[in-house]
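**Student:** Chains as they are written, first to last, in this note's numbering: chain A, 1 to 224; chain B, 1 to 291; chain C, 1 to 131.
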Amino acid sequence: MHNTLRMMRLDTRSVNIRNNVLLIYLVTNLITVALAFSPLAEGAFLIGFGGLIGGSGACLITPFVASAQRGLDAFYAMLPVRRRDIVNGHYLFAAVLSLFMLMNTWLIVILIHWLRPTLFGADLPILLSFAFVGPFMLLMMSSVQYPILMRISYEKAPYLIFLPIVAAGLVSGYIGGSSTDLLGRHGFFSPRGYPLLGLGLVGGAGIFLASLLLARRLYARRDL
Amino acid sequence: MMVTGEEENLIVVDGLAKQYKEFTLHGIHFHLPAGYIMGMIGPNGAGKTTTIKALLDMIRPDAGHISMLGASTANDRIALRDSLGVQLDTTLYPDYWRVKQVAKSLRDFFPQWDDAYFDQLCREMDIPSKTKYKSMSRGTQVKLQLAAALAHHPRLLILDEPTGGLDPLARDELLTRLQDFIADGEHSVLLSTHLTGDLERIADFLLYIRGGRQQFFGHVDDLLNQYVLVKGGLNELTPALREVLIGLRTHSEGFSGLLAVDQTAGLPNTLLQESITLEELMIYFGRGGHA
Amino acid sequence: MRIVVSNKAGIPIYQQIEDQIKTAILAGDLVEGTLLPSIRQLAKDLQISVITTTRAYHDLEEQGFVNNVQGKGSYVLGQDSALVQEHALREIEAHLSDALAAAQLAKIPVHDLHTMLDTLIAAESGDDGDR
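1) At a cut of 8 angstroms, does the stretch 182-193 of chain B reach the stretch 23-36 of chain B through at least three beta carbon pairs?
2) With 8 angstroms set as the bound, which would you pick, yes or no: does the beta-carbon of Y208(B) sit closer than that to a beta-carbon of chain C?
3) Could you check where the beta strand (DSSP E) with M68(B) kicks off and where it finishes?
4) If the cut is a Cβ gap below 7 angstroms, which residues of chain B does G10(C) touch?
5) Taking C-alpha atoms, which residue in I207(A), L26(A) and T32(A) lies nearest to M140(A)?
6) Any idea what DSSP makes of E274(B), helix, strand or coil?
7) Quick one: Cα of P94(B) to Cα of S14(A), how far?
8) For H251(B), count the other beta carbons within 10 Å of its own beta carbon; 16 or more makes it buried, fewer makes it exposed. Which is it?
9) R40(C) touches chain B at which residues, Cβ-Cβ below 9 angstroms?
10) Could you tell me the alpha carbon to alpha carbon distance between N225(B) and L259(B), rounded to whole angstroms?
11) Label E18(C) either buried or exposed according to how many other C-beta atoms from any shown protein chain fall within 10 Å of its C-beta, with 16 as the threshold for buried.
12) Kindly indicate the opening and closing residues of the alpha helix (DSSP H) around A148(B).
13) For N88(A), I'd like the list of residues in its chain whose CB is within less than 6 angstroms of its CB, leaving aside the five on either flank, ordered along the chain.
14) Closest by CA to M8(A), which one among A34(A), L92(A), L26(A) and V33(A)?
15) Using a Cβ cut-off of 7 angstroms, which residues of the stretch 133-148 of chain A contact any Cβ in chain B, in chain order?
16) Per DSSP, P33(B) forms a beta bridge with which residues?
17) Would you please state the rounded distance, in angstroms, between the beta carbons of V31(C) and V76(C)? I believe it to be under 8 angstroms.
18) For S97(C), return the contacting residues in chain B, with the cut-off set at a CB-CB distance below 8 angstroms.
19) Of all Cβ atoms in chain A, is any one closer than 8 angstroms to the Cβ of G78(B)?
20) Measuring only the C-alpha atoms, how far is Q19(B) from T49(B)?
21) Checking contacts by CB at 8 angstroms: is V220(B) closer than that to chain C?
22) Would you report the Cα separation of L207(B) and A77(A), rounded to the nearest angstrom?
23) Comparing alpha-carbon positions, which option in Q215(B), G197(B) and E236(B) lies nearest N7(C)?
24) What ranges does the beta strand (DSSP E) occupy inside the stretch 36-124 of chain C, keeping only unbroken runs of at least 3 residues that lie completely in it?
25) Mind checking whether L55(B) and M68(B) have CB atoms under 8 angstroms apart?
26) Please decide whether I48(C) counts as near chain B, where near means a Cβ-Cβ distance under 8 angstroms.
27) Which whole-angstrom value describes the C-beta separation of L124(A) and W106(A), a residue pair presumed to lie in contact below a C-beta threshold of 8 angstroms?
28) If you drop the 5 nearest sequence neighbours on each side, which residues of the same chain put their C-beta closer than 7 angstroms to that of G288(B)?
29) Could you work out which residue in L229(B), Y36(B) and D126(B) is closest to A203(B) when comparing CA atoms only?
30) Out of curiosity, what's the CA-to-CA distance linking G73(C) and L84(B)?
31) Could you please tell me which residues of the stretch 51-72 of chain C, in chain order, have their CB closer than 9 angstroms to any CB of chain B?
32) Out of L10(B), R201(B), P162(B) and V261(B), which has the shortest C-alpha to C-alpha gap to T90(B)?
33) According to DSSP, what are the bridge partners of F216(B)?
34) Relative to the C-alpha of N9(B), which candidate in D126(B), G70(B) and C122(B) has its C-alpha closest?
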């Protein structure tokens, strides 16, 4: 576990990922807050728009993270860490990043709600639900992308694979955030939403873990 | 020789083999006792880097046994990375890293990491602290890798083409550093290089690989003493001589070629026979003929 | 002690080291009991390999010039030791054989060889007399 943490820290250092993530979130947060106070922003859709920016920010980061791993395999090989620790570190990094995204979105939504309660009104749960979409997409994309990256090089990773996942993410986002017809005004936080949320989380975690185990197997056998 | 006695081998490689689609490395046998410098030479694509990658468990050999610092399994070897300093012939660190990031990141992993020593090495090797890794010249990148490799006080250094990008002065300094490193008789260095002049002087052992096959392992002098360079006029180049010369080169005024020492009996006195250098050995063998 | 090695001399480096240490011992510059630099120190100083230095010291021991004591270092032996004498005799014999072979090749009579050697000895002692 110790080595997993060390590897995760190394991941945060290996791109200027920390600065990038912070910058993207800072900008997104500023835009969102600014929108909330702008006279034009009466509709919550604009905030949703802000959330989407956060989501696409995550999409932007993912390949960034991936490219950071390109060519660094030789570097990792010189460290006193086993290959499984290296893979664990990458996955922990993705999980922590996702959690960070979720927390950030919640923080912003709650902040705006606290500053201007009238803006969201009863839409707050939907917005909080919507916050799951970005991190969920990030994790699912990592789940597909990482095993490929662990097996072959970054250049060969087929991007088309991500399209269905992006689509799935958007659909779940639509369900969780926008489709009040399906889930009611409380989004995932409703009697009909909870099972869906639970299913999503458990399913997502399952896919993530399966991907981790696969990646470990693939990386253990790879010639660097 | 006095070198014998109970010596501890820091590396033992026995029958190493690795098959690729277009290249096969096989039959690699060598050992490196504590306190010595071993050089690895051979043309491009001979298998030097493949051998180093096998030592570092970056690839899984198809056959053979590797023992490094006494560890014979991959996991055991990885656990001993603190005692191993490595420099590779690739860009190793993330593009935007500077000296500071290298120290900060490696400190986490190597218990024996020595910040003061690392700073000292960076100063001595003139490594700019403000330059990003990707903007450094190849030579400086190599120096940074070397500083990082030495900074955790390893017992064994494995260096892939360390002298390639260095100017003559830096190369000389590196060789001195390596000699200091092994001076106590406890530390060893394995390095691969094209610049055979460096090796001729300081290497104790030599591994010569060509086309994925080991040609020679032993003392440098012993290899060089096996051959002579024969030169003469074209009329002296008899068919029998042509048959046994290695890497024969003819020109309108004469010829030159390598000859195994045991074949020199009966050569006419008019032929010039010279001792050879490693570079000549590699050139003449590379040109082809009889191995 | 002065040791200078050349990479261009065409003589193996261990041979150069041997020759220079031998010369120093025979000239009395290195007296009996002197501790020579350690093999590793000398290798470092001259920027040559440890094995090369080891070979030189080993040869010197075999020829009776030094005594290598494990863990202590290499000590210069007295130059009047029988081994040194024997080695010198062998070397002289080798050189004389070379001279003989050269003479045979050029069909120079043996008598001329004797004369030549006598002349050389006379010249040598004459030089000494001038000093």
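Backbone N, C-alpha and C fix where the C-beta goes; we use that ideal spot for every residue, glycine too.
**Tutor:** Looking at the atomic coordinates:
1) yes
2) In the second sequence, counting from the first residue as 1, residue 208(B) sits at position 208. Closer than 8 angstroms: no.
3) Position 68 of the second sequence, counted from the start, is the residue given in the question as residue 68(B). From DSSP, the beta strand (DSSP E) with M68(B) extends over A63 to M68.
4) What you label residue 10(C) is simply residue 10 of the third sequence in a count that begins at 1. Those within 7 angstroms of G10(C) in chain B are S275.
5) The sequence position of residue 140(A) within the first sequence is 140, counting from 1. Out of I207(A), L26(A) and T32(A), I207(A) has the C-alpha closest to the C-alpha of M140(A).
6) As a first step, residue 274(B) is located in the second sequence; it is residue number 274 there, counting from the start. E274(B) falls in the strand class under three-state DSSP.
7) Counted from its first residue, the second sequence places residue 94(B) at position 94. Counted from its first residue, the first sequence places residue 14(A) at position 14. Whole-angstrom Cα-Cα distance: 6 angstroms.
8) Sequence index remark: in the second sequence, residue 251(B) carries index 251 (1-based). So H251(B) counts as exposed.
9) In the third sequence, the residue the question calls residue 40(C) occupies position 40. Per Cβ cutoff of 9 angstroms: G35, Q179, I182, A183, D184 and G185.
10) The residue given as residue 225(B) occupies position 225 in the second sequence. The residue given as residue 259(B) occupies position 259 in the second sequence. Roughly 11 angstroms separates the two Cα atoms.
11) If you number the third sequence from 1, residue 18(C) lands on position 18. E18(C) should be labelled buried.
12) Stepping through the second sequence from its first residue, residue 148(B) is reached at position 148. Unbroken alpha helix (DSSP H) run through A148(B): R138 to L150.
13) As a first step, residue 88(A) must be located in the first sequence, where it is residue number 88. Correct list, in chain order: T4.
14) For the purposes of this step, residue 8(A) is taken as residue 8 along the first sequence, with counting starting at 1. Considering only alpha carbons, the answer is L92(A).
15) none
16) Looking up residue 33(B) in the second sequence gives position 33. According to DSSP, which records beta bridges pairwise, P33(B) is partnered with N9(B).
17) In the third sequence, the residue the question calls residue 31(C) occupies position 31. In the third sequence, the residue the question calls residue 76(C) occupies position 76. V31(C) to V76(C), Cβ: 7 angstroms. Contact.
18) Translated into the one-based positions of the third sequence, residue 97(C) becomes position 97. Result: empty, since nearest Cβ-Cβ is about 17 angstroms, beyond 8 angstroms.
19) As a working note, residue 78(B) is residue 78 in the second sequence. In the sequence on display, residue 78(B) carries Ile and not Gly. Closer than 8 angstroms to some Cβ of chain A, the Cβ of I78(B) qualifies, so yes.
20) As a first step, residue 19(B) must be located in the second sequence, where it is residue number 19. As a first step, residue 49(B) must be located in the second sequence, where it is residue number 49. About 14 angstroms.
21) Residue numbering aside, residue 220(B) sits at position 220 when the second sequence is read from its first letter. Yes - at least one Cβ of chain C is within 8 angstroms of the one on V220(B).
22) For the purposes of this step, residue 207(B) is identified with residue 207 of the second sequence, where counting begins at 1. For the purposes of this step, residue 77(A) is identified with residue 77 of the first sequence, where counting begins at 1. For L207(B) and A77(A), the distance between alpha carbons rounds to 24 angstroms.
23) Translated into positions along the third sequence, residue 7(C) becomes position 7. Checking every option, the nearest Cα to that of N7(C) belongs to G197(B).
24) 66-69 and 73-76
25) On the second sequence, position 55 is the one that residue 55(B) refers to. On the second sequence, position 68 is the one that residue 68(B) refers to. Their beta carbons are under 8 angstroms apart, which means L55(B) touches M68(B) by this criterion.
26) Your numbering for residue 48(C) matches position 48 in the third sequence. For I48(C), the answer is yes, since a Cβ of chain B falls inside 8 angstroms of its Cβ.
27) To locate residue 124(A), count along the first sequence from 1; it is residue 124. To locate residue 106(A), count along the first sequence from 1; it is residue 106. Not really, about 11 angstroms apart at Cβ, beyond 8 angstroms.
28) In the second sequence, counting from the first residue as 1, residue 288(B) sits at position 288. The answer, listed in chain order, is G247.
29) Here residue 203(B) refers to the residue found at position 203 when the second sequence is read from its first residue. The residue with the shortest Cα to Cα distance from A203(B) is Y36(B).
30) In the third sequence, the residue the question calls residue 73(C) occupies position 73. In the second sequence, the residue the question calls residue 84(B) occupies position 84. If you take the alpha carbons of G73(C) and L84(B), they lie about 30 angstroms apart.
31) I51, T52, T54, R55, Y57, H58, E61, N68 and Q70
32) Sequence index remark: in the second sequence, residue 90(B) carries index 90 (1-based). Among L10(B), R201(B), P162(B) and V261(B), the Cα nearest to that of T90(B) belongs to P162(B).
33) Taking the first residue of the second sequence as 1, we reach residue 216(B) at position 216. Beta-bridge pairing links F216(B) to Y208(B).
34) For this step, residue 9(B) is matched to residue 9 along the second sequence. Checking every option, the nearest Cα to that of N9(B) belongs to G70(B).
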